[in-house]
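If you count the sequence shown from 1, position 133 lands on 195 in the numbering used here, and the numbers rise without skipping.
Worksheet: the structure to be examined is printed underneath.
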Amino acid sequence: MVERKTVANTQVKDDEVERLIMKSIREMRRETDIKDKDRLRKEEMKIRSQIEYENSFAGVFNDLKFFGDTDEDEKRKRIVAETLLKLPYKVRKKTIDEVLFISMSTAGVTFRFDGSVKLRKKDFSQIGEFYQGRIELHFIILNFRRCRKDRKMDVTAHEIAHFILGHHLKKNTNRGIIEREAEDLAEKWGFRRGYKDYNF
Ligand SMILES: [Zn+2]
């Protein structure tokens, strides 16, 4: 079982993040005209601190798209950020980029989402003098009402696993099979299973 202590405010520098830093530094060196060693060193530090920030609790908390602004929602957002920090870098990045988490503390929700969405060049195509872009967001609705406190991260990871596996895009799926798949993946990430059996 994976250690389950709080990672708030500690910088997470797993191997994947370190590899990403080195890759970004190599790319910068390949493309830059800077020759001066001190200036190069500064550029490297900038890249390193940016990527480290993006993969720290503060960075993840800041970047993730989350709806809900009560104190209870704030606690939930922290749980989502902590869960994301335990996931592999690529899973974390994809989830932060593409998922809007909605905290469901009341019966229904109508809202205007006001947050930043990162767009890449490939998200756009140019038509004459206009740019056309398309943003696709996936929703994860969190409802922890009947969830034990120490299981909230497990439940969050389970829902992220459904998203990564694309279960919400499939039709005619067998509930037992998809629940087992989500549990298998969440367990691989170090979280606990929730279901006792898969007979739905
Ligand atoms: Zn499920």
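Virtual Cβ for every residue (Gly too), placed ideally from N, Cα, C.
Please report the distance separating the alpha-carbon of residue i from that of residue j.
i       : j       : result
Leu-227 : Leu-149 : 14 Å
Lys-137 : Phe-123 : 11 Å
Tyr-115 : Val-79  : 11 Å
Phe-129 : Arg-154 : 18 Å
Glu-89  : Lys-108 : 14 Å
Ile-202 : Asp-100 : 45 Å
Ile-240 : His-229 : 7 Å
Val-263 : Glu-198 : Residue 263 is absent from the structure shown; the chain starts at 63 and stops at 262.
Phe-173 : Thr-132 : 14 Å
Leu-82  : Ala-143 : 20 Å
If I measure Cβ to Cβ from residue i and keep anything under 7 Å in the same chain, skipping five residues before and after, which residues do I get?
i       : result
Ile-96  : Leu-102 and Glu-105
Gly-195 : Leu-181, Asp-185 and Phe-186
Ala-223 : Ala-244, Leu-247 and Ala-248
Tell me which same chain residues have a C-beta within less than 6 Å of the C-beta of residue i, skipping the five on either side of it?
i       : result
Lys-127 : Leu-162 and Gly-177
Arg-254 : Asp-216
Thr-145 : Met-215, Thr-218 and Ala-219
When we look at the beta-carbon of residue i and count the other beta-carbons within 10 Å, is it buried (16 or more) or exposed?
i       : result
Asn-117 : buried
Gly-190 : exposed
Ile-158 : buried
Leu-231 : exposed
Phe-225 : buried
Residues surrounding ligand 1 [beta-carbon distance to nearest heavy atom under 6 Å]: The set of residues whose C-beta lies within less than 6 Å of a heavy atom of ligand 1 reads, in chain order, His-220, His-224, Glu-241 and Ala-244.
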